[in-house]
Amino acid sequence: MLEALDQSGLLASLPPATSVTCRACVGDHDVEVWRDDDGDQARFWHCCPESGLVQVQADRLGQWRANIDGLVVLIQAALGNRARRSIVVPERVWMWQGAVIDGRPRTVWFVRGHGWPDGEAIASRVRATAETVILVSDPPSTAPQPLQTGRIISLWQIVDQDEEDAVIVDAGLLVEAATGSPATSPTPREPRHRRRGGRDEAVAALTNALVRFLTDAQRQLAHQGKADAQAYLAYQPPTQKALGSLAGIRIHTRVGRALKDASPGGKYLRLLWEAAQTPEGVMEFRLPGV
2 MLEALDQSGL
12 LASLPPATSV
22 TCRACVGDHD
32 VEVWRDDDGD
42 QARFWHCCPE
52 SGLVQVQADR
62 LGQWRANIDG
72 LVVLIQAALG
82 NRARRSIVVP
92 ERVWMWQGAV
102 IDGRPRTVWF
112 VRGHGWPDGE
122 AIASRVRATA
132 ETVILVSDPP
142 STAPQPLQTG
152 RIISLWQIVD
162 QDEEDAVIVD
172 AGLLVEAATG
182 SPATSPTPRE
192 PRHRRRGGRD
202 EAVAALTNAL
212 VRFLTDAQRQ
222 LAHQGKADAQ
232 AYLAYQPPTQ
242 KALGSLAGIR
252 IHTRVGRALK
262 DASPGGKYLR
272 LLWEAAQTPE
282 GVMEFRLPGV
């Protein structure tokens, strides 16, 4: 999902983390990470009292912050060029006038931080009427009382992904949330039907990749012997990114959606994924019919 958010301009990178939670023992303790530039590619390490020197994968150190400006751009794209945007409170409140939703002109607000200590004061800046649509970053039930007279919509009710898996604010979902009825045009819904075949292909590819991973990991653990506790402690479960690479799936978000798929194939994929998270699960893994 991080790749999709980054692709859509919703994330801004921060410097890498300097500490992680140790995965090499059962202590779940935080450890400092240091960088080793000796070689062609930088590597990262930490020292565990039980396991000694442990390498840390670089993707564990990534940190990001939300790019609010990118989010505002997505809202603008959903509302169309006729909606005139103005900043009411910098980094907190935006307003669009002239936005046409389901054939009617409306005023749309995007309110961020309404649960912060000054949320009541922020809410008082928003003129909530029957013709007002208010987007909030949290579910509507958490909105402060002054906002309750408008049409309150959680931003995540109207967020979707397009055919390229980029995150978008869906104009059709916005109409449904604002009016309580489906959009008159079926266009926004069509990509969902087209993606079903792609989802099935992703589930199948990931299932095959996980079976290969589990089979190889099981063979290695069995060869080392169960008495070798160090091998069990050093076991590294696959990340979603690594699994996607193994399955030949370039876009990381497809892995996450396939793991949540409600189809029988998706449920079986989740069983394999859960088995791959621990060495005990790997050793208990059996192919159907074996």
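Under my numbering, the sequence shown has 185 at position 184, and the numbering climbs by one with no breaks.
Virtual Cβ for every residue (Gly too), placed ideally from N, Cα, C.
Proximity winner among the options, relative to residue i (alpha-carbon distances)
i, options, result
"GLY96", "GLU281, VAL109 and VAL55", "Reading off the sequence shown, one finds Met at residue 96, where the question assumed Gly. MET96 has its Cα closest to that of VAL109, out of GLU281, VAL109 and VAL55."
"VAL90", "VAL32, TRP65, SER125 and ALA13", "SER125"
"GLN64", "GLU33, ILE153, GLN42 and ALA18", "ALA18"
"ALA249", "LEU11, VAL127, VAL204 and GLY99", "The amino acid occupying residue 249 in the given sequence is Gly; Ala does not appear at that position. That would be VAL204, whose Cα lies nearest to the Cα of GLY249."
"LEU207", "VAL55, ARG287 and LEU247", "LEU247"
"ILE69", "GLU132, VAL94 and ARG107", "VAL94"
"ALA259", "ALA218, VAL34, GLU285 and ASN209", "ASN209"
"PHE214", "ARG200, ALA235 and THR240", "THR240"
"THR22", "ARG61, LEU12 and LEU272", "ARG61"
"ALA276", "ALA78, PRO238, VAL256 and ARG220", "PRO238"
"GLY282", "GLU33, GLN225 and ALA218", "ALA218"
"GLN225", "GLY116, MET284, ARG200 and GLN278", "MET284"
"GLN58", "ASP37, GLU132, ALA223 and LEU175", "ASP37"
"ILE169", "THR180, LYS242, PHE45 and LEU75", "LEU75"
"ARG200", "THR133, HIS115 and PRO265", "PRO265"
"SER1", "ARG66, GLY53 and VAL127", "Missing from the structure shown is residue 1; the chain here goes from 2 to 291 and no further."
"GLN56", "ALA235, VAL134, ARG152 and ALA243", "ALA235"
"ALA223", "PHE286, GLY267 and ARG152", "PHE286"
"LEU15", "ARG107, GLU92, ARG66 and GLN158", "ARG66"
"GLY53", "ARG24, ARG44, THR216 and LEU72", "ARG24"
"GLU92", "PHE111, GLN98, ASP262 and ARG107", "PHE111"
"ALA167", "PRO106, THR133, GLY71 and GLU202", "GLY71"
Local conformation of residue i per DSSP, three classes
i, result
"LEU272", "helix"
"THR19", "coil"
"VAL127", "coil"
"LEU222", "helix"
"THR208", "helix"
"LEU11", "coil"
"ARG200", "helix"
"PHE214", "helix"
"THR240", "coil"
"VAL283", "helix"
"GLN42", "coil"
"SER246", "helix"
"GLN278", "coil"
"GLU33", "strand"
"VAL134", "strand"
"ARG152", "strand"
"VAL27", "coil"
"ALA179", "helix"
Buried or exposed by the 16-neighbour rule on C-beta atoms within 10 Å, applied to residue i
i, result
"LEU211", "buried"
"ARG295", "Here the chain comprises residues numbered 2 to 291, so residue 295 is not present and cannot be evaluated."
"GLY81", "exposed"
"ASP171", "buried"
"PRO280", "buried"
"GLY40", "exposed"
"GLY173", "buried"
"VAL101", "exposed"
"GLY245", "buried"
"TRP274", "buried"
"ALA84", "buried"
"ARG255", "buried"
"LEU11", "buried"
"LEU175", "buried"
"GLY104", "exposed"
"GLY116", "exposed"
CB contact below 7 Å: residue i versus chain B
i, result
"PRO106", "Of the protein chains in the structure, only one exists, and it is not chain B."
Check whether the segment 22-29 and the segment 47-64 touch, using three or more Cβ-Cβ pairs below 8 Å as the test. Using a Cβ-Cβ distance cut-off of 8 Å, the segment 22-29 and the segment 47-64 are in contact, since at least three pairs of beta carbons, one from each stretch, lie closer than that value.
Closer than 8 Å is the cut-off here; do at least three beta carbon pairs connect the segment 112-126 with the segment 157-177? No contact exists between the segment 112-126 and the segment 157-177.
In chain order, what are the residue ranges of uninterrupted beta strand (DSSP E) at least 3 long that sit wholly in the segment 46-130? Segments of the beta strand (DSSP E) lying fully in the segment 46-130: 53-57, 64-67, 85-90, 94-102 and 105-112.
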